[in-house]
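Residue numbers (the working numbering): 550 to 646.
The structure is reproduced here in structure tokens:
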């Protein structure tokens with residue numbers, strides 16, 4: 550399956566990088582790399598994530614990398630990364646579109 554990223558997901562990933570970068574450049578790069586690797590696993594196993602409780606839709610799923618929720622939508626031939634949020638943050642509706 551092909552992996553696509555929404556502009557919001559890219560923005561959130563950049564924000565995560567910038568936040569961690571304030572303390573440790575190496576840790577910032579490692580976290581982004583870990584998130585990318587986790588997302589790449591979805592190309593072979595798109596159904597591996599759990600359904601997002603806030604979404605009430607089968608095709609909206611999430612996987613976790615450390616404290617981050619990677620929210621994605623499974624479509625027929627692709628996985629669309631919708632957002633990345635810290636698990637302590639609420640999940641606004643705009644992150645599920």
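The C-beta atom is built at its ideal place from N, Cα and C for all residues, glycine as well.
Remember, it's a predicted structure, so these values are computed and weren't measured experimentally.
Outcome for residue 559 when other beta-carbon atoms lying within 10 angstroms are tallied against a minimum of 16: For this step, residue 559 is matched to residue 10 along the chain shown. With fewer than 16 Cβ atoms within 10 Å of its Cβ, residue 559 is classed as exposed.
Spatial distance of residue 595 from residue 587 (CA atoms): As a first step, residue 595 must be located in the chain shown, where it is residue number 46. As a first step, residue 587 must be located in the chain shown, where it is residue number 38. Going from the Cα of residue 595 to the Cα of residue 587 covers about 11 angstroms.
Those residues which DSSP pairs with residue 620 across a bridge: Along the chain shown, read from residue 1 onward, the residue named residue 620 stands at position 71. In DSSP, residue 620 forms a bridge with 611, 632.
Short Cβ contact (9 angstroms threshold) for residue 610 with residue 598: Here residue 610 corresponds to residue number 61 of the chain shown, with the count starting at 1. Here residue 598 corresponds to residue number 49 of the chain shown, with the count starting at 1. Contact flag set, yes.
Closest Cα partner of residue 552 within the set 622, 570, 571: Residue 552 sits at position 3 when you count from the first residue of the chain shown. Closest by alpha carbon: 622.
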